[in-house]
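Step one of this worksheet: look at the structure below.
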Amino acid sequence: MFLDDSFVDPSADDSNIETLLYSNIKPKFVFGLVTGISGNCLYLNDHVIVYPAAGVVVVHDLDAHSQRFVYPKDPRRTITAMDLSPMSYVLAVATVAENDGGGHDDDKGKIEDYAKPIVKIYDLESLSEKHVFVEPEGEWQKFGQRRFTKIRFQNDNVHLAALVVGDDGSDCGFYFYGWRNSKVETYIRIDGFVADVAMNPFDLSLCCFAGREFFQFMTKTETGWSQYGFREAEGIDFTCVCWLCRDRCLAGTTDGRVILFKNGLFQSMYYVDEVHDIDVTIKSKSENLSIIILSEFEMKSKSVRSCIAFEYGLIVVAGEFNIYHFQKRDNGERYMRNNMYVKHNHRHLKTLEIEGESPLHFVESVCISPNSKILTCVTKNAQLHSAPLHYRQKNLEDDDEDLFNSIIEIQPFHEELHHGGVGSLSTSLWRPLLMTGGKIDFTVKLWDYAKCTLLLSKHYYYQVLSVSLHPTALYSVVAFTGHVEFQIIRIDDLVPLKHFPIMDCSVTGFSGSGHMFALAKPSGEIEIYSTLNLKKCFSCGSHLSPVSALYAFHPVDGHVLMHIVPYPDVTITDLAVTEEINKMYFIAEDGIIRKVDDNKVVREINVNQGPLHALSISKSNRVLFLATKNGVIMSVTLSVINRLYAYFTVHNHRITKMCLAMDGSVLISCSEDGSMCIWEVEEVVNKKDNIDDRFKYFDDLLVKTLELEKINRDKIEIRNSVDLLEEKNKYNINKFKYSKEQELNNLKKMNADDIDKTRSKLNFENQIQNEVLCKLENEVTALKEANILSLENLDVQYTRKLMYKYNKYSDLENKTAEFISKRKNNELQNTIANLGEQFKDKQEEMLKLRDKEINEKNNLRMLVGETENDVDEHVLDKKNAFIAKLKKMKELNLKASYELAVDKIKYNSFLEDNSELMRLTDNAEQDFNELQLSISEIAKRITILKRSLKNESENILKKDIEINDIYQKASELEKEINVITEINADLQKVSDSLTTEIKDTKNVIDKKSINQIEVDLRLASQNYNNDNDNKAALTTFFNKYTGDLTIQNEDIGARNELLRQIKLLEDSISRLKKDAQSSNYKSESNYLIMKENMKLIDEISDLRKDSQNYLTQCINLKRTLLKITHPNQRT
1 MFLDDSFVDP
11 SADDSNIETL
21 LYSNIKPKFV
31 FGLVTGISGN
41 CLYLNDHVIV
51 YPAAGVVVVH
61 DLDAHSQRFV
71 YPKDPRRTIT
81 AMDLSPMSYV
91 LAVATVAEND
101 GGGHDDDKGK
111 IEDYAKPIVK
121 IYDLESLSEK
131 HVFVEPEGEW
141 QKFGQRRFTK
151 IRFQNDNVHL
161 AALVVGDDGS
171 DCGFYFYGWR
181 NSKVETYIRI
191 DGFVADVAMN
201 PFDLSLCCFA
211 GREFFQFMTK
221 TETGWSQYGF
231 REAEGIDFTC
241 VCWLCRDRCL
251 AGTTDGRVIL
261 FKNGLFQSMY
271 YVDEVHDIDV
281 TIKSKSENLS
291 IIILSEFEMK
301 SKSVRSCIAF
311 EYGLIVVAGE
321 FNIYHFQKRD
331 NGERYMRNNM
341 YVKHNHRHLK
351 TLEIEGESPL
361 HFVESVCISP
371 NSKILTCVTK
381 NAQLHSAPLH
391 YRQKNLEDDD
401 EDLFNSIIEI
411 QPFHEELHHG
421 GVGSLSTSLW
431 RPLLMTGGKI
441 DFTVKLWDYA
451 KCTLLLSKHY
461 YYQVLSVSLH
471 PTALYSVVAF
481 TGHVEFQIIR
491 IDDLVPLKHF
501 PIMDCSVTGF
511 SGSGHMFALA
521 KPSGEIEIYS
531 TLNLKKCFSC
541 GSHLSPVSAL
551 YAFHPVDGHV
561 LMHIVPYPDV
571 TITDLAVTEE
581 INKMYFIAED
591 GIIRKVDDNK
601 VVREINVNQG
611 PLHALSISKS
621 NRVLFLATKN
631 GVIMSVTLSV
641 INRLYAYFTV
651 HNHRITKMCL
661 AMDGSVLISC
671 SEDGSMCIWE
681 VEEVVNKKDN
691 IDDRFKYFDD
701 LLVKTLELEK
711 INRDKIEIRN
721 SVDLLEEKNK
731 YNINKFKYSK
741 EQELNNLKKM
751 NADDIDKTRS
761 KLNFENQIQN
771 EVLCKLENEV
781 TALKEANILS
791 LENLDVQYTR
801 KLMYKYNKYS
811 DLENKTAEFI
821 SKRKNNELQN
831 TIANLGEQFK
841 DKQEEMLKLR
851 DKEINEKNNL
861 RMLVGETEND
871 VDEHVLDKKN
881 AFIAKLKKMK
891 ELNLKASYEL
901 AVDKIKYNSF
911 LEDNSELMRL
921 TDNAEQDFNE
931 LQLSISEIAK
941 RITILKRSLK
951 NESENILKKD
961 IEINDIYQKA
971 SELEKEINVI
981 TEINADLQKV
991 SDSLTTEIKD
1001 TKNVIDKKSI
1011 NQIEVDLRLA
1021 SQNYNNDNDN
1031 KAALTTFFNK
1041 YTGDLTIQNE
1051 DIGARNELLR
1061 QIKLLEDSIS
1071 RLKKDAQSSN
1081 YKSESNYLIM
1091 KENMKLIDEI
1101 SDLRKDSQNY
1111 LTQCINLKRT
1121 LLKITHPNQR
1131 T
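If you use full-length UniProt numbering, the sequence shown corresponds to residues 1 to 1131, in order.
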């Protein structure tokens, strides 16, 4: 808030000062949300959420439904990114602020001023600014206009990572900032279009950058940051990245793929819309990524836009509105898909979408609550949505499978807001309700501004031009482009009662009493209708002058009372009427406030704030609230001489409507971005107003003598009447006390009778309860015995059947093993024997052939020796014959080698058959192991059932103990009653003995005066509390009237015992009174005992049902065992 003191005279004397009130407003609740920001929905804890709305950051407590606000100093700054640290309780907000300098010159000439990116860190406890980080001057002046797109607090609660990007997506930089000591530790200049950055939460020396045809792993060394790992990003557009663990990273692409990296190298790839199980331990066969070319429509519907890893799983946002939830399994080695969350578009929002742009149900950002149970997202139509996250358990029942592998639609989170600006606003005069009409989304909403909740929302197929709420909030008038509706407001609907054929009615309104309403036609004519019969009463004259004219009409016949045309070139935007109807204020686009008094403009105030859009006046008629440029609300306090200005900022867009509600303690403002703020108005004494000397007040008081005598007489009469009233009051009080004492006595008698009745009823009910409890105990013992016997029988039968099945299976296993081994051995022996015989035959043939060859060679040698001298012709013939024989031998050798190769192939096939048999035996062993596992699971279920039965038996024992405690309490109460009756009897005996003794003493002292005895008794009773003085007084009393000089110590002790019994009697009487007073409470306690007994009966019946369920489960287990052991046998 800013106070303008320029109109106060500093030289004015303090004696000429009057106290001046000004109105201070502070925001109570803001409805709205800013989209297009990274991190625009953040959880501080499970019940506090942080998001930007209008020009502030809202810290919203969901349980208390209350808000706190972080205010930026400049409402024109644009928020670009947010993040918070729940451990440090701080919030980081990245904004773009205007540069202070006027530029500088270089060789190329003068450089224009660019927006300077700033990160401010706020303390969320005090909502104050703690640190400011501004990008160094050289960087933003060198690269031009840049902004922070991603900021992330690190797990060490010391550092903040910030990604700064130019307007065209290039000129990127990465800052690693120590926010506690306000120091930039490292800076990385990046050549590429970066879309996302992720620091390794387990090792801050590793980070990853993803962007368009850009993907880099960076590690921090002693000399700086260096690249490592994957370098093949050409042709692939990466959109997001997150770390799953210390060495694994997941990245999304525009073609619908998620790519897994391990230690900086490619490991595997999955399609998000097809994958149901991501195993991070499996490595893909292909070592390179393929390039996929998609159309623009396919890229929009498949692009992976965000991936978030959290404690229990992974969230992936794909396409325009699909969210996939993967649950972490096996200590992070697998991610199993549980559900797909979808945000469907409303039919009425489809008409507002622009062709070529993303739809209004486009999911912009996603966040997870700290307990990992709620998924919250922000859509393009500035609305928060949420849905619960479901997780699979280890022992999941079949019925729970319906929760998984299904499509879940996310629902609006708390109030559903307007999309676009609020075009019309109206409040009720008698109830804290207001009605708004959407300028773009064709909706009418009813709000409770006291509780800050939305009561009703209804969508129409026509544009809403104006809304007006009846003073009782039971009726409304809504103007559309084609007609006007008079509606009745119900709990869940706006029901039209009558349609009026008036097109383009821009203004509607009810009268202060609500018996009439007005409709303004486009021609300028105003028609007045009755709320009772919905008929037209009269019409007011048309606006024949320009728009800047003001008219006032008579409420009975509609004739013109006032007509003002201040300036023909000025357009009036709003007006406010004071309680005096002839005085009003109006504003125009020229930024001047004008006051009208008696049909004349008597005053003009120029606030120098440009065009003014909305106006409201306080109930004191001394403060004006103005909506100025950039959504700033300005309060102007009016006085005779001075003016006081104050500025309040929540909105950062133009305010379209503003009004004060009911008693003037609440101000409602609506902006063109769809946000709405509820302000609390307070009047504060802070300034003094100078008054001229002629308006001074005198301290002297002049009164006539006759008036003074009259005042004195009036005082005397008033005193006399006050005395009479006091006496009457005393009499009435005494009378009232006497009547109340009688009522108390009657109540005591009635209570005594009620006590007796309740005691008798309690005894009778205790007898009945004892009988019922005995029966229940017998039934419970019988049930216990029956359950124990049934469990023992089940165990015996199960063990018998299990042993039988096990023996049978072991025999079958032994038989199959023997059969397989015998069959294998026989086949192997046969094949070996056959092969051995064949081998022997071949060896014999080879030996025979070798012998033949040797003999032939020898014969040849002999023939050569013999025929050396023969003719050459004979030698040639022998050579030819020998060559022919050699050819035959070669052919025989080839045949033998071929047969050996065939035998080798047969032997290899036999080996393959043998390996297949071994594989079949392994499968059989695996089946046997699975059967053993199923048997062990059945045994576990049986143990669980036994444990549950044990727990139920323990609960029964606990209930038995509670019943015994109730019995003990009842017996103690009976004992106390008996003790009280005995004490009463003893006291009655003591009182009878005292009466007899008093009669005897009266006979003895008949000669003495009774008055003197009474005096002496009173003197003796004065020392009642002191034993020694009491003994002395009693001895003197008895010596005086009995004549005995010595009194025995035993008589004195008896008297003391008498006094002690009198005390006990008084104590017992007071105790009986207390018991009588608490009789009602005891009857209530007896009723509670009856209730507890009924609860015990219900619990016993529930135990019976549980035992029956356990029996049915045992029967089902038996059936499953029969199916496993005898699959072909019918059950």
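Here a beta-carbon is modelled for each residue, glycine too, at the ideal position from N, C-alpha and C.
Do you know how far the Cα of Y312 is from the Cα of T379? When only Cα atoms are considered, T379 and Y312 end up about 24 angstroms apart.
Using DSSP's beta-bridge definition, name the partner residues of M889. DSSP, once it has assigned bridges, lists no residue as partnering M889.
For the candidate residues H385, D330, L294 and K262, whose alpha-carbon lies nearest to that of I323? When each option's Cα is compared against that of I323, the closest is H385.
So is Y475 buried or exposed if we call it buried at 16+ other beta carbons inside 10 Å? buried
Using the DSSP secondary-structure output, state which residues sit across from V601 in a beta bridge. Answer is V596, bridged to V601.
Range covered by the beta strand (DSSP E) that runs through E129: Counting along the chain, the beta strand (DSSP E) containing E129 begins and ends at S128 to V134.
Give the DSSP bridge partners of W430, in chain order. Bridge partners of W430: none, in fact.
Please give me, in chain order, every unbroken run of the alpha helix (DSSP H) with length at least 4 that falls completely inside the segment 211-272. none
Drop a sphere of 10 angstroms on the beta-carbon of D774, count the other beta-carbons inside from all chains shown, and report buried for 16 or more, exposed for fewer. Position check: residue 774 holds Cys in this sequence, whereas Asp was assumed. C774 is exposed by the Cβ-count criterion.
Under the three-state reduction of DSSP, which class applies to D123: helix, strand or coil? strand
Contact check, G631 vs H651, beta carbons under 7 angstroms: yes
Does the segment 260-277 come within contact of the segment 230-242, defined as at least 3 CB pairs closer than 8 angstroms? yes
Evaluate contact between the segment 302-318 and the segment 270-277, counting only Cβ atoms and requiring at least three cross-stretch pairs below 8 angstroms. yes
Taking 7 angstroms as the threshold (C-beta atoms), are A198 and F238 in contact? With contacts defined as CB atoms closer than 7 angstroms, F238 and A198 fail to qualify as a contacting pair.
Does the distance from the CB of S511 to the CB of V467 come in under 7 angstroms? no
Identify the continuous beta strand (DSSP E) that holds S476 and give its terminal residues. Per DSSP, S476 is one residue of the beta strand (DSSP E) stretching across Y475 to F480.
Using three-state DSSP, classify T1112 as helix, strand or coil. Helix.
Ordered along the chain, which non-local residues of its own chain (more than five positions away) have a Cβ less than 8 angstroms from that of I410? I323, Y341, V342, K343, L375, C377, H385, S386 and A387
What is the rounded straight-line gap between the Cα of N40 and the Cα of I956? 54 angstroms
Identify the residues that DSSP records as bridge partners of Q487: which are they? Its beta-bridge partners are S476 and P496.
Could you tell me whether the Cβ of H131 comes closer than 7 angstroms to any Cβ of chain D? Absent from the structure: chain D. Only one protein chain is present.
If I'm right that L33 touches Y51 with Cβ under 8 angstroms, what's the distance once you round it to whole angstroms? 6 angstroms
H174 classed as buried or exposed, judged by whether at least 16 other C-beta atoms fall within 10 angstroms: One detail in the question is off: residue 174 reads as Phe in this sequence, not His. Per the 10 Å Cβ criterion, buried.
Near residue 1133, what residues of its chain come up, given a Cβ to Cβ distance below 6 angstroms and the 5 sequence neighbours on each side ignored? The requested residue 1133 does not occur in the structure, where the chain is confined to residues 1 to 1131.
Exposed or buried, R257, counting other C-beta atoms within 10 Å across all chains shown (16 or more means buried)? buried
Proximity to I293 [Cα-Cα], best of L265, D255, I278 and S284: D255
Use the C-beta contact count for T221: other C-beta atoms within 10 angstroms, 16 or more gives buried, fewer gives exposed. exposed
Quick one: Cα of K451 to Cα of G36, how far? 29 angstroms
Just how far apart, CA to CA, sit T573 and S205? 59 angstroms
Considering Cα atoms alone, identify which of D913, A924 and L849 is closest to L892. L849
What ranges does the beta strand (DSSP E) occupy inside the segment 282-330, keeping only unbroken runs of at least 3 residues that lie completely in it? 304-310, 313-318 and 322-329
Identify whether R334 lies in helix, strand or coil by the three-state DSSP scheme. When DSSP states are grouped into helix, strand and coil, R334 belongs to the strand group.
Tell me whether the beta-carbon of residue 1136 lies closer than 7 angstroms to the beta-carbon of T508. Only positions 1 to 1131 of the chain appear in the structure, and residue 1136 is not among them; the question remains open.
Excluding the five sequence neighbours on either side, which residues of its own chain have a C-beta within less than 7 angstroms of the C-beta of D1102, listed in chain order? none
Around the C-beta of F517, are 16 or more other C-beta atoms found within 10 angstroms, so that it is buried, or is it exposed? buried
Member of F31, C540, F910 and I963 whose CA lies at the smallest distance from the CA of K445: For K445, the closest of F31, C540, F910 and I963 by C-alpha to C-alpha distance is F31.
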